[in-house]
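Engineer: Attaching a single structure in structure tokens format; questions to follow.
Protein chains: 2
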Amino acid sequence: MSTNLRILATTAADFDTSFQHVLHWSAEQDHAIEERVGSILADVQARGDEAVLEYTQRFDGVDAPSVSALEISQAELQAALASIPAKQRAALEAAARRVRSYHERQLEACGRSWSYRDEDGTLLGQKVTPLDRVGIYVPGGKAAYPSSVLMNALPAKVAGVGEIIMVVPTPRGERNALVLAAAAVAGVDRAFTVGGAQAVAALAYGTKTIPSVDKITGPGNAYVASAKRRVFGKVGIDMIAGPSEILVLADGSTPPDWVAMDLFSQAEHDELAQSILLCPDRGYIDRVKEAIDRLLPDMPRKDVIRASLEGRGALIHTRSMEEACEISNRIAPEHLEVSAREPHRYEPLLRHAGAIFLGAYTSESLGDYCAGPNHVLPTSGTCRFSSPLGVYDFQKRSSLIEVSEAGAQVLGPIAAELAYGEGLQAHARAAELRLKGTAQ
Amino acid sequence: MSTNLRILATTAADFDTSFQHVLHWSAEQDHAIEERVGSILADVQARGDEAVLEYTQRFDGVDAPSVSALEISQAELQAALASIPAKQRAALEAAARRVRSYHERQLEACGRSWSYRDEDGTLLGQKVTPLDRVGIYVPGGKAAYPSSVLMNALPAKVAGVGEIIMVVPTPRGERNALVLAAAAVAGVDRAFTVGGAQAVAALAYGTKTIPSVDKITGPGNAYVASAKRRVFGKVGIDMIAGPSEILVLADGSTPPDWVAMDLFSQAEHDELAQSILLCPDRGYIDRVKEAIDRLLPDMPRKDVIRASLEGRGALIHTRSMEEACEISNRIAPEHLEVSAREPHRYEPLLRHAGAIFLGAYTSESLGDYCAGPNHVLPTSGTCRFSSPLGVYDFQKRSSLIEVSEAGAQVLGPIAAELAYGEGLQAHARAAELRLKGTAQ
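Quick note, the sequences are listed as chains A and X, same order.
If you count by this note's numbering, then the first sequence holds residues 1 to 440, one letter each, in order.
If you count by this note's numbering, then the second sequence holds residues 1001 to 1440, one letter each, in order.
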């Protein structure tokens, strides 16, 4: 069974046009969704718990006497952890251990306060502190990902966030034991079975029962994305995610089945997900294509995979690995596999990627679950200016300045000169008052 | 002449209500501005240079034959630097030196790539790279701040950004020599005399003449703020700034005139700026009030200062310095002065602030111009979750993962277990294919 997967070559005259066509994707904002989300936010802000309860009843079919009744207790989280198969629990705990350990290294590498004194004894630096309270949105229903609970909660935990509040919709009251177990493993402090724009509103503004938070992270549907965008400024948010993407740079040395399955593992997320292979070896591209055709019929999610590969996928024959790296930089993919014998030869050429997976053994799926780094990554080319979710997203910095008396004598005249130049005389006078011999 | 500046006491029964009243400020979004900005963005995206030229003519009264003619050459930037008084130039260069040096320390402290290998030889880490190209918006007209050019461009420069594009409106063609000189000192690569939403659109989408950038930083009016908000996602942006704020925590040991002038130096920015003093010594509060009344009539910007102090300022008598610290955490101010004999006694109690100025000699104005740390700081309580502009805003991170063959044997079963639990079979199979003894 042949997949109708486009094969392009960089040597073709119309390559740029076909390539642009493959890449094109734009997040259309649905006007109707925007309007409804706006009114849900305003309603929750005005009526609090009462509004949250009504929307939860209407959208999730959950009847509860109060928002307090929607809270999942710590005992229930622990019970969920006890209820799942031992093998699943062990996997969850092993993944959590590795993710925690990676983020602890991240904290050490870039999350500590620092300061120094200059020659005048003036102290300069930055104090790094965790956020007081964060909210984690976890999708419910068919796409419930316990791994996302770990990936959002653990960096917050490692950063030292005071309190982590999880919200998760439970359509028709169905709770996902693996999601609750992951919350127990990650150390989520409180959890509410509330979802959608109403959950984002409750976290941003606070209600009598649900405390307001300083930042909201986690993926969600179009309503959740719109709500996060709108409350940004009142609270912090992480990125707004687009469809997932994988780009494989292959030199032809990896078993073709491995690469085919890596392309599938992105494609199976969503029909809009994008899987692209770049390779200078045309024969290898054919072998990967053959593996795709052979392996696809056995995949449970074959319909989604096929739609994604045929709609947005591509196998691209390049002149060289170096050209493949250049094209990769133009794409700026979320996941970038360098499936090559000497991956470190190409890594320095790669400027833009959410995560770089080096070598044939590093399947993207290992990174998704348990290698350690975060699986929340910038999509749609936004890795040009943004980064994986990390400890730094749950910390903020305050500049520290302590000017010595001697320092004030040096800095005062400089500040005053510039302040007068900007017409801000009080700024200038404040600096000048600190000069010795200035009349008080 | 007495200023009608409110004095509150935390012991008063109605303190919480009056305090909330002082703090209340909300960024109303003007619907008319939103609509106009939306259409300007769409127009620049569709018509490029032509649209930029038309809006620049219409809004700034600048007639030019082409957008190329709006570019300020490096020679013109250097000429501006040569044209300003020697004392001004020296101040600009000294400030730049200190700001650069601080941000170099920041790069060292938190901006380097890092990696480690786990016990299986698996490599994990993060690669930190500068953005390719950034745009800096510099306001023109009456509020032209050369110090903002330094504060935006220098961290980008230190981060290693490939190209820095400055845009600055020049109403009726008036160029501010000090702004251009600052651009020369900071090493801005290209500069265009374009402003408003049309400048933001040109930087976000690119035109034939103005290159598209990866991130846009810098302050602007309501049109610029709205445009930045709208292009966010296509490009990165820094924060959207609200009115400036200063909070002074005083133990009564600083000369009252110094504190009065520090409060003025925030108030003189804008009638909406906020200046608050917290102090446990009621007699000292009266002395500061006396200094305010005495010094105000001599300030050139006394009308703005009075309006700001009377509209949004407050002198608050607290029970203790510790209580003052708690209130400061509730306010989460942009600028926080600890004007006390033992500032380090209180610093650990202060959780939320853009910048903390320790000790009587550290006037906020020294920090604004030349102490070294950035003066672009989170306002309106957003320092609860965001940070001063810094080198980190001009870098992004890519996770690095290289799983060893041995590592794949350990990680594969964990990833597969969790992937099956989430119903993502291709993810599971991709991990399992890397296990030894698996049929290819």
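Positions of the beta carbon are idealized from the N, C-alpha and C atoms, including for glycine.
1. Measure how close the beta-carbons of A/Ala159 and A/Gly236 come, nearest whole angstrom, since I'm counting them as under 8 Å.
2. Identify every residue that forms a DSSP beta bridge with A/Leu336.
3. What are the start and end residues of the alpha helix (DSSP H) that includes A/Ile210?
4. Over what stretch of residues does the alpha helix (DSSP H) that includes X/Met1239 continue unbroken?
5. What are the uninterrupted segments assigned as alpha helix (DSSP H) that are 4 or more residues long and contained completely in the stretch 389-422 of chain A, given in chain order?
6. Could you give the C-beta distance for A/Leu350 and A/Ile356, rounded to a whole number, given that I count them as a contact under 8 Å?
7. Just the C-alpha distance for X/Gln1440 and A/Asp262, rounded to the nearest angstrom, thanks.
8. How is the alpha helix (DSSP H) around X/Thr1017 delimited, first residue to last?
9. Can you grab the Cα-Cα spacing for the pair X/Pro1139 / X/Gly1195, in whole Å?
10. Is there a Cβ of chain X sitting closer than 8 Å to that of A/Cys383, yes or no?
11. Would you report the Cα separation of X/Leu1150 and A/Gly252, rounded to the nearest angstrom?
12. Between which two residues does the beta strand (DSSP E) carrying A/Val134 extend?
13. For X/Glu1290, which residues in chain A fall below 7 Å Cβ to Cβ?
14. Count the other CB atoms within 10 Å of the CB of X/Pro1065; is the residue buried (16 or more) or exposed (fewer)?
15. Any Cβ of chain X within less than 8 Å of the Cβ of A/Val391?
16. Verify the CB distance criterion: does A/Gln440 have a CB-CB separation below 8 Å to chain X?
17. In chain order, which continuous runs of the beta strand (DSSP E) of length 3 or greater are located wholly inside the stretch 163-236 of chain A?
18. Applying a beta-carbon distance threshold of less than 7 Å, which residues of chain A neighbour X/Thr1357?
19. Using CA atoms only, rank isn't needed, just tell me which of X/Ala1260, X/Arg1312, X/Glu1326, X/Gln1274 is closest to X/Asp1298.
20. Assuming X/Ala1416 and X/Ala1431 form a contact by the criterion Cβ under 8 Å, report the distance between their Cβ atoms to the nearest whole angstrom.
21. Closer than 8 Å, Cβ to Cβ, to anything on chain A: give me those residues from the stretch 1233-1253 of chain X, in chain order.
22. Is X/Ser1083 close to chain A, meaning its C-beta is less than 8 Å from at least one C-beta of that chain?
23. Would you mind working out which of A/Ser265, A/Leu249, A/Gln45, A/Ala332 sits nearest A/Glu204, comparing C-alpha positions?
24. How long is the line joining the alpha carbons of X/Leu1052 and X/Val1410, rounded to whole angstroms?
25. If you count every other CB in all the chains shown that lies within 10 Å of the CB of X/Asn1004, and 16 or more means buried, which is it?
26. Run down chain A in chain order and give the residues with a C-beta less than 7 Å from the C-beta of X/Ile1414.
27. Would you list the one or two residues that DSSP bridges to A/Trp114?
28. Quick one: Cα of X/Glu1239 to Cα of X/Val1134, how far?
29. Determine the extent of the alpha helix (DSSP H) in which X/Ser1083 is found, giving its start and end residues.
30. Quick one: list the residues of chain X neighbouring A/Ser450, beta-carbon separation under 8 Å, in chain order.
31. Out of A/Asp214, A/Ala182, A/Ile7, A/Ser387, which one is the CA nearest neighbour of A/Ala332?
32. Give a yes or no on whether 8 Å exceeds the smallest Cβ distance from X/Met1321 to chain A.
33. Return the bridge partner residues of A/Ser275 from the DSSP annotation.
34. May I ask you to list the residues that DSSP assigns as paired with X/Glu1071?
35. With a cut-off of 8 Å, do at least 3 Cβ pairs link the stretch 69-81 of chain A to the stretch 214-221 of chain A?
Structural biologist: In brief:
1. Here residue 159 of chain A refers to the residue found at position 159 when the first sequence is read from its first residue. Here residue 236 of chain A refers to the residue found at position 236 when the first sequence is read from its first residue. The pair is not a contact, with the Cβ atoms about 13 Å apart (cut-off 8 Å).
2. As a position in the first sequence, residue 336 of chain A is number 336, starting the count at 1. Answer is A/Leu247, A/Ile356, bridged to A/Leu336.
3. Sequence index remark: in the first sequence, residue 210 of chain A carries index 210 (1-based). Counting along the chain, A/Ile210 falls outside any alpha helix (DSSP H), and DSSP gives it neither H nor E.
4. Stepping through the second sequence from its first residue, residue 1239 of chain X is reached at position 239. Note, X/Met1239: premise wrong, no alpha helix (DSSP H); not H, not E.
5. 405-421
6. Stepping through the first sequence from its first residue, residue 350 of chain A is reached at position 350. Stepping through the first sequence from its first residue, residue 356 of chain A is reached at position 356. Contact flag correct, Cβ pair sits at about 6 Å.
7. Position 440 of the second sequence, counted from the start, is the residue given in the question as residue 1440 of chain X. Position 262 of the first sequence, counted from the start, is the residue given in the question as residue 262 of chain A. Only weak support is given to the placement of X/Gln1440: the predicted model assigns it a pLDDT of 48, under 50, and the value that follows is read from those uncertain coordinates. Those two C-alpha atoms are separated by around 14 Å.
8. Translated into positions along the second sequence, residue 1017 of chain X becomes position 17. Looking at the DSSP string, the run of the alpha helix (DSSP H) that includes X/Thr1017 is 1015-1023.
9. As a first step, residue 1139 of chain X must be located in the second sequence, where it is residue number 139. As a first step, residue 1195 of chain X must be located in the second sequence, where it is residue number 195. Spanning the two alpha carbons is a distance of roughly 8 Å.
10. Within the first sequence, numbered from 1, the residue matching residue 383 of chain A stands at position 383. It does; some Cβ of chain X falls within 8 Å.
11. Locating residue 1150 of chain X in the second sequence gives position 150, counting from the first residue. Locating residue 252 of chain A in the first sequence gives position 252, counting from the first residue. Whole-angstrom Cα-Cα distance: 49 Å.
12. Along the first sequence, read from residue 1 onward, the residue named residue 134 of chain A stands at position 134. In this chain, the beta strand (DSSP E) harbouring A/Val134 covers 133-137.
13. Counted from its first residue, the second sequence places residue 1290 of chain X at position 290. Within 7 Å Cβ-Cβ: nothing; X/Glu1290 doesn't reach chain A, min ~13 Å.
14. Residue mapping note: residue 1065 of chain X aligns to position 65 of the second sequence, counting from 1. Answer is exposed; the Cβ neighbour count stays below 16.
15. Translated into positions along the first sequence, residue 391 of chain A becomes position 391. A/Val391 does not count as touching chain X.
16. Residue mapping note: residue 440 of chain A aligns to position 440 of the first sequence, counting from 1. Because the pLDDT at A/Gln440 is just 48, under 50, the model does not fix this residue reliably, and the point stays unresolved.
17. Within the stretch 163-236 of chain A, the complete beta strand (DSSP E) runs of at least 3 residues are 163-167, 190-192, 215-217.
18. Locating residue 1357 of chain X in the second sequence gives position 357, where the first residue counts as 1. Here the sequence assigns Phe to residue 1357 of chain X, which means Thr is not the residue at that position. Simply Ile401.
19. For this step, residue 1298 of chain X is matched to residue 298 along the second sequence. Of the candidates X/Ala1260, X/Arg1312, X/Glu1326, X/Gln1274, the one whose C-alpha sits nearest the C-alpha of X/Asp1298 is X/Ala1260.
20. Here the question's residue 1416 of chain X lines up with position 416 in the second sequence. Here the question's residue 1431 of chain X lines up with position 431 in the second sequence. 5 Å between Cβ atoms; contact.
21. Gly1233, Val1235, Gly1236, Ile1240
22. Position 83 of the second sequence, counted from the start, is the residue given in the question as residue 1083 of chain X. No, its Cβ sits nowhere closer than 8 Å to a Cβ of chain A.
23. As a working note, residue 204 of chain A is residue 204 in the first sequence. Sequence inspection shows Ala at residue 204 of chain A; the Glu mentioned does not correspond to that position. Nearest of A/Ser265, A/Leu249, A/Gln45, A/Ala332 to A/Ala204, Cα basis: A/Gln45.
24. Reading the second sequence from its first residue, position 52 is the one you call residue 1052 of chain X. Reading the second sequence from its first residue, position 410 is the one you call residue 1410 of chain X. The amino acid occupying residue 1052 of chain X in the given sequence is Val; Leu does not appear at that position. Roughly 57 Å separates the two Cα atoms.
25. Position 4 of the second sequence holds residue 1004 of chain X. Counting Cβ neighbours within 10 Å, X/Asn1004 comes out exposed, since fewer than 16 surround it.
26. On the second sequence, residue 1414 of chain X is found 414 positions in, with the first residue counted as 1. Ordered by position in chain A, the residues that pass the 7 Å Cβ test against X/Ile1414 are Ala91, Ala94, Ala95, Tyr369, Cys370.
27. Translated into the one-based positions of the first sequence, residue 114 of chain A becomes position 114. A/Gln126.
28. Indexing the second sequence from 1 puts residue 1239 of chain X at position 239. Indexing the second sequence from 1 puts residue 1134 of chain X at position 134. Correcting the residue identity first, residue 1239 of chain X is Met in this sequence and not Glu. Their Cα atoms are separated by approximately 15 Å.
29. Position 83 of the second sequence, counted from the start, is the residue given in the question as residue 1083 of chain X. Per DSSP, X/Ser1083 belongs to the alpha helix (DSSP H) from 1074-1083.
30. Given a span of 1 to 440 for chain A in the structure shown, any question on residue 450 of chain A remains unanswerable.
31. Within the first sequence, the letter at position 332 stands for residue 332 of chain A. The option with the nearest alpha carbon to A/Ala332 is A/Ser387.
32. Translated into the one-based positions of the second sequence, residue 1321 of chain X becomes position 321. Taking Cβ atoms only, chain A never reaches closer than 8 Å to X/Met1321, which makes this a no.
33. Counting from 1 along the first sequence, the entry for residue 275 of chain A is found at position 275. The partner list for A/Ser275 (beta bridge, DSSP) reads A/Ile246.
34. Along the second sequence, one-based indexing puts residue 1071 of chain X at 71. X/Glu1071 is bridged to X/Phe1192.
35. no
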